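Counting the sequence shown from 1 gives a position; the working numbering is that position plus 7.
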Amino acid sequence: MPKSKQEYRREISTYYSYSIAKIPLEVVHMDWVAALPPSGDRSYNSCLFIVGRYSNTPIFLPCHKDDTAMDTALLLWISVISHTGLFKNIISDGDSKFTSAL
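Written out as structure tokens, the structure is:
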């Protein structure tokens with residue numbers, strides 16, 4: 008009887024449990040929508056998309072595809088955080104803009 012083939016399994020990534028949001032924009036999902044046609048007076052070609060887990064209300068922030076982590080942090084601070092306060096958790100896809108050192 009032939010030996011059975013060795014089983015190959017994908018390595019399973021670690022899943023994290025996130026706290027349940029009790030107030031709007033306490034826990035948010037963030038991602039970019041890129042490769043948009045240039046628009047506006049500053050020729051924005053990308054959009055930062057933020058969704059709060061509490062209310063599922065989206066926030067769209069126009070930006071540029073080549074913005075740095077500092078540009079993104081300033082955009083978040085001026086447009087969202089200064090009005091709502093800091094986020095408790097940010098869920099993202101691990102884009103280099105989120106993970107790069109400032």
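The C-beta atom is built at its ideal place from N, Cα and C for all residues, glycine as well. Model, not experiment: these values are computed from the prediction.
Check: DSSP three-state call for Asp-2: helix, strand or coil?
Finding: Outside the shown range of the chain (8 to 109) lies residue 2, about which nothing can therefore be said.
Next item on the list: Could you spell out the range, first to last residue, of the beta strand (DSSP E) harbouring Leu-55?
Entry: Per DSSP, Leu-55 belongs to the beta strand (DSSP E) from 53-59.
Notebook entry, point to check: Whose CA, out of Arg-49, Gly-59, Ser-50, Ala-42, lies closest to the CA of Val-87?
Noted result: If we check each option's Cα against that of Val-87, Gly-59 comes out closest.
Margin query: Distance check for Thr-75 and Asn-52, CA to CA, integer angstroms please.
Written below: Approximately 14 Å between the Cα atoms of the pair.
Check: If you draw a straight line from the C-alpha of Ser-50 to the C-alpha of Val-40, how long is it?
Finding: Roughly 15 Å separates the two Cα atoms.
Item checked: Buried/exposed call for Cys-37, threshold 16 Cβ in 10 Å -> Per the sequence shown, residue 37 should be read as Met rather than Cys. Met-37 counts as buried, since no fewer than 16 other beta carbons sit within 10 angstroms of its beta carbon.
Item checked: Contact set for Lys-95: own chain, Cβ-Cβ below 8 Å, skip 5 residues either direction -> Counting only Cβ-Cβ distances below 8 Å, and skipping sequence neighbours, we find Ser-26, Ala-28, Glu-33, Val-34.
Notebook entry, point to check: Just the Cα atoms here: how many angstroms apart are Phe-62 and Thr-91?
Noted result: Contrary to the premise, residue 62 reads as Ser rather than Phe in this sequence. Cα to Cα, Ser-62 sits roughly 14 Å from Thr-91.
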